[in-house]
Amino acid sequence: MFRFRDKSTANKILEKIKDLNIKAKFMNVCGTHQDTIVRYSLDTLLEPYGIELVAGPGCPICVTTSREYMEAMVLAARGKIITTYGDAARVRIRGRSLLTLRGDGADIRIVYSIDDAVEIAKMNPNRDVVFLAVGFETTAPSTAYTILSDPPRNFYILNCHRRIPPAIEALLSLGEVKIDGFIDPGHVSTIIGLEPYERIVSRFPIPHVISGFEPLDVLVSVYMLARQVKRGEAKVENEYSRAVRREGNPRALKLIEEVFEYTDLEWRGLSRVENSGMRLKRKYEDRDARLVFQDELKLLEEYSEPKGCRCSEVLRGLAKPRECPLFSITCTPLNPIGPCMVSVEGACYIEYKHRRV
Amino acid sequence: MCLAVPGLLIEVNGIIGKVDFGDGTIRKVNLALLEKAKPGDYVLVHAGYAIQVVPEEYVRETIELWRKVISLEDFAK
Amino acid sequence: MDKSDRIVMAHGAGGYLMHRLIKEHILSILPRDNFEVGLHALDDSAVVNDVVFKSDSYTVKPLFFPGGDIGRLAVSGTVNDISVMGGKPIALSLALVLEEGFPIYDLDRIMQSIASTCREADVYVVTGDTKVVEKGSLDGCIINCSGIGVRSQYLDYNIDVVRRFRGGIEARWLLDSNIRPGDKIIVSGTIGDHGVAILSCREGYGFESSIKSDVRPLNRMIEKVLSVGGVVSMKDPTRGGLANLLNEWSEKSHVGILIKEEDIPIREGVRAACEMLGIDPLEIGNEGKVVLAVVAEMAEEILEVLRETDEGKDAAIIGEATDEFEGVAMETLIGGKRIIPPPLGDPVPRIC
Chain A
1 MFRFRDKSTA NKILEKIKDL NIKAKFMNVC GTHQDTIVRY SLDTLLEPYG
51 IELVAGPGCP ICVTTSREYM EAMVLAARGK IITTYGDAAR VRIRGRSLLT
101 LRGDGADIRI VYSIDDAVEI AKMNPNRDVV FLAVGFETTA PSTAYTILSD
151 PPRNFYILNC HRRIPPAIEA LLSLGEVKID GFIDPGHVST IIGLEPYERI
201 VSRFPIPHVI SGFEPLDVLV SVYMLARQVK RGEAKVENEY SRAVRREGNP
251 RALKLIEEVF EYTDLEWRGL SRVENSGMRL KRKYEDRDAR LVFQDELKLL
301 EEYSEPKGCR CSEVLRGLAK PRECPLFSIT CTPLNPIGPC MVSVEGACYI
351 EYKHRRV
Chain B
1001 MCLAVPGLLI EVNGIIGKVD FGDGTIRKVN LALLEKAKPG DYVLVHAGYA
1051 IQVVPEEYVR ETIELWRKVI SLEDFAK
Chain C
2001 MDKSDRIVMA HGAGGYLMHR LIKEHILSIL PRDNFEVGLH ALDDSAVVND
2051 VVFKSDSYTV KPLFFPGGDI GRLAVSGTVN DISVMGGKPI ALSLALVLEE
2101 GFPIYDLDRI MQSIASTCRE ADVYVVTGDT KVVEKGSLDG CIINCSGIGV
2151 RSQYLDYNID VVRRFRGGIE ARWLLDSNIR PGDKIIVSGT IGDHGVAILS
2201 CREGYGFESS IKSDVRPLNR MIEKVLSVGG VVSMKDPTRG GLANLLNEWS
2251 EKSHVGILIK EEDIPIREGV RAACEMLGID PLEIGNEGKV VLAVVAEMAE
2301 EILEVLRETD EGKDAAIIGE ATDEFEGVAM ETLIGGKRII PPPLGDPVPR
2351 IC
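Protein chains in written order, with the working numbering: chain A, 1 to 357; chain B, 1001 to 1077; chain C, 2001 to 2352.
And the structure:
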């Protein structure tokens, strides 16, 4: 699959944006978008044309709370095999992460897919295997399907799945920052389709464009947003039409509805967000690691965010990584303090890694 | 927030398929999230699951859209 | 120092954590030598009384992988580390640590591979050791391969050619600290082949791939390049890949390095695998590649000679040293520029 990234097309799109001659602040709610933006310096390319790009709570690893990671670490210390995606294994809470626990003898396995985790459960029948299920609507269906396909008895889920639309709504109802448009997450949208964003636009009339992840996808989406702003429109447009259909992926949505029920859930940086959590339904309680191992999880002590850390504001687009007093001084990828520096998709990590020249 | 890449579905047996991500880079992929998928389809894969079938001329269609957005610029009026 | 500090995998992955461990817990403790290229240079090899000296341990898993095995890796790695200094490898030591129950059949396969690679590199194993450890304390076997080399017959000529074009370099060897603004950066072939070949067999994220490890000895190719002249420094981008190598050069030579994404040779299979797993190809290892810093005036000629060899047929000029900024930066495919930091540790697949 070759990529379509070339300078001349990029410059043509930038010219178009320049012609619109507007000033606007657009937010993305996706770590992969943020990576594309900073990796190709799209924000610096767009700055002279009055467009400011801001990162919202878009990375599932950043918004998962410390408590949820500490639950996984307690279970690891109690001898369960913890299977997890690579980026979640690195998250450090008070200097310790699932990966550093390996040195104490914990059995932590990095997997590319939940199916690999089920395989590990089959190969270790006499050990409890817990899958750390982080991610949004793109990742939740694979967890739901796995639970419905009767995995081995020793396979459990530590469920941290979250929904994006409630988070966008929470951000807008906070009304703290003036956002002129949203670059909506392409891959979440392949699952949920356009309708959830249309519901948000009916309450908060500002432009939305669902974008792909090539640098030119993002530039075209910014142009489409800027055009709406210029015309005073507020609607949902789909730039990523090659992958996102209006109805999303009905089969995946049905799986989610069958296995999960929606609950209020705390997000790191956003505090409690209504209807944004996915909890396993009672029918699947025997798969819920939080219930099955609740006595062992009592060992957990409370944890408060470190002083001076402005991650919660960065996650809400109120502050830029560089505006945090700790950024690249005490808070670096090697000694990450807040969540946005911990995850490779976090706004601060990406800013640090792709520091401009 | 979700890394997903397109690949060519080259083999299907039950809900497990084989997808080629380029030049013989092939991985087992779960097709349970798709209504129907047959060898020759291009699929978008996230964390080992195919989450959508994408058009075969995936790339051409994108360039078409970009050209449409750039050239059909009727805003000037 | 916090007693609970423990060794983590990243300490061995060629990135920042490894360099800090070496500086704080090894260099600071060992007595300082004053040989021509001693421990504190932290270069690819040391030079003691005109003898190039290198020691390296090999712990690759699995032991046999597409395109090679631990035996070929051990000989190639040590031969290459001596050659990139401007040395001609002549003799190796081979220390085997075998696990109780390790199949002798596999040992034979590894020894055959070591023998054929030695013939290919025209070097001999002259000493060594074999130890066995209890079942379960080691996963199969690990190999330490040390080696010595003498000064390459072409090295003095090469340095003379460098002096012809720009101020002399004081060093008599090809050190990491020799690079000056304006020098061109050449890579001898496609990046990421070894890293992807290994990742494709790893538990939890295995995939089929047409990509084979590039592991091979490069001393013959390096001799040809030195005979042309104009090489300022050389290094093999093993653990931590190109990102780690360029950052080490930038730090030790106090120069900025600017590379261009579109000029970096990379196989489609490596690009596809990295994209699928969410890994940066600049950070994964290579075992049959060399990166050269050369005087600008000789760059084209050296490139031509490289491309005539089988080992260097995909060689390319990927950038140059500069004094406009510090660190390593890359001009991306669509024009913006971004900094390439040293990798933290082994890359792991990510979902977002």
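Think of the CB as a built atom: it goes at the ideal place given N, C-alpha and C, for glycine as much as any other residue.
- What are the boundary residues of the alpha helix (DSSP H) that includes proline 250 of chain A? 250 to 259
- List in chain order: all unbroken beta strand (DSSP E) runs of 3+ residues lying wholly within the region 23 to 70 of chain A. 24 to 28 and 51 to 55
- Query: Taking the alpha-carbon positions, what's the glycine 2012 of chain C to lysine 353 of chain A distance?
  - Reply: 21 Å
- Message: Which same chain residues end up closer than 6 Å to leucine 20 of chain A when comparing Cβ atoms and leaving out the 5 residues on each side of it in sequence?
- Response: Ala226 and Lys230
- Task: Determine, using beta carbons only, whether glycine 1954 of chain C and isoleucine 2211 of chain C come nearer to each other than 7 Å.
- Result: Because chain C here runs from 2001 to 2352, residue 1954 of chain C falls outside it and cannot be looked at.
- Thinking just about the alpha-carbon of each residue, which of B/Thr1025, B/Cys1002, B/Leu1008 and B/Ala1004 is nearest to the one in alanine 1037 of chain B? B/Leu1008
- Task: Write down every uninterrupted run of the beta strand (DSSP E) in the region 2202 to 2288 of chain C whose length is 3 residues or greater and which is fully enclosed by it, in chain order.
- Result: 2231 to 2235 and 2256 to 2260
- Message: Taking 7 Å as the threshold (C-beta atoms), are valine 2133 of chain C and glutamate 2099 of chain C in contact?
- Response: yes
- Item | For threonine 190 of chain A, the first and last residue of its enclosing alpha helix (DSSP H) | 186 to 192
- Query: In this structure, does DSSP put histidine 2040 of chain C in helix, strand or coil?
  - Reply: helix
- Query: Whose C-alpha, out of A/Met224, A/Ala252, A/Glu47 and A/Arg246, is nearest the C-alpha of glutamate 198 of chain A?
  - Reply: A/Arg246
- Reference leucine 45 of chain A; option with closest CA among C/Asp2346, C/Gly2336, C/Gly2206 and C/Ile2340: C/Gly2336
- Query: Can you list the residues of chain A that glutamate 1061 of chain B reaches, using a CB-CB cut of under 9 Å?
  - Reply: Ser241 and Arg242
- Is it a yes or a no for the region 2111 to 2121 of chain C touching the region 2181 to 2192 of chain C, going by three-plus beta-carbon pairs under 8 Å? no
- Task: May I ask you to report which of helix, strand or coil DSSP gives lysine 2337 of chain C?
- Result: strand
- Item | Cβ-based burial, valine 357 of chain A [other Cβ within 10 Å; buried from 16] | For valine 357 of chain A, the predicted model reports a pLDDT of 49, less than 50, meaning its position is unreliable; a value from the coordinates is still stated below. When all chains shown are included, valine 357 of chain A counts as buried.
- Is the Cβ of glycine 1048 of chain B closer than 7 Å to any Cβ of chain A? yes
- Message: Residues in the same chain with beta-carbon distance under 6 Å from isoleucine 17 of chain A, minus the five sequence neighbours each way, listed in chain order, please.
- Response: Tyr49, Tyr223 and Ala226
- Message: I'd like to know if the region 2140 to 2156 of chain C and the region 2237 to 2251 of chain C are in contact, where contact means that at least 3 CB-CB pairs between them fall below 8 Å.
- Response: no
- Task: Can you say whether phenylalanine 1075 of chain B is buried or exposed, counting buried as having 16 or more other CB atoms within 10 angstroms of its CB?
- Result: Confidence at phenylalanine 1075 of chain B is low in this model, with a pLDDT of 37, below 50, so the placement of that residue should be treated as unreliable; the coordinate-derived value is given next. Counting Cβ neighbours within 10 Å, phenylalanine 1075 of chain B comes out exposed, since fewer than 16 surround it.
- In its own chain, which residues sit with a C-beta less than 8 Å from the C-beta of glycine 1022 of chain B, not counting the 5 before and 5 after it? Gly1007
- Task: Output the distance between the C-alpha atoms of methionine 1 of chain A and glycine 2278 of chain C, rounded to the nearest integer angstrom.
- Result: Unreliable placement is indicated for methionine 1 of chain A, whose pLDDT of 35 sits below 50; no coordinate value is reported for it.
- Query: Would you call threonine 330 of chain A buried or exposed, if buried means 16 or more other Cβ atoms sit within 10 Å of its Cβ?
  - Reply: exposed
- Are at least three pairs of beta-carbons, each pair with one atom in the region 285 to 297 of chain A and one in the region 311 to 324 of chain A, less than 8 Å apart? no
- Message: Going by C-alpha to C-alpha distance, which of A/Pro185, A/Gly186 and A/Leu171 sits closest to isoleucine 179 of chain A?
- Response: A/Leu171
- Query: Any Cβ of chain C within less than 7 Å of the Cβ of isoleucine 1026 of chain B?
  - Reply: yes
- Item | Listed by chain order, chain C residues near glycine 1022 of chain B by CB distance under 9 Å | Glu2268, Gly2269, Arg2271, Ala2272, Ala2273, Glu2275 and Met2276
- Contact belief for glycine 186 of chain A with glycine 248 of chain A at Cβ below 8 Å, rounded distance in angstroms: Not quite, the Cβ-Cβ distance comes to about 12 Å (not below 8 Å), so this is no contact.
- Message: Please classify isoleucine 2007 of chain C as buried or exposed, where buried requires at least 16 other C-beta atoms within 10 Å of its C-beta.
- Response: exposed
- Helix, strand or coil at cysteine 2145 of chain C [DSSP, three-state]: strand
- Query: Looking only at C-alpha atoms, which of C/Leu2226, C/Leu2282 and C/Gly2087 sits nearest to glycine 2240 of chain C?
  - Reply: C/Leu2282
- Task: With distances taken Cα to Cα, identify the nearest neighbour of phenylalanine 260 of chain A among A/Thr146, A/Glu237 and A/Glu176.
- Result: A/Thr146
- Message: Looking at the secondary structure, which residues open and close the beta strand (DSSP E) in which aspartate 2056 of chain C lies?
- Response: 2051 to 2058
- Taking DSSP as the reference, what is the three-state secondary structure of leucine 132 of chain A? strand
- Length of the line joining the Cα atoms of lysine 12 of chain A and tyrosine 2154 of chain C: 52 Å
- Message: Three or more C-beta pairs under 8 Å: does that hold for the region 158 to 178 of chain A against the region 261 to 273 of chain A?
- Response: yes
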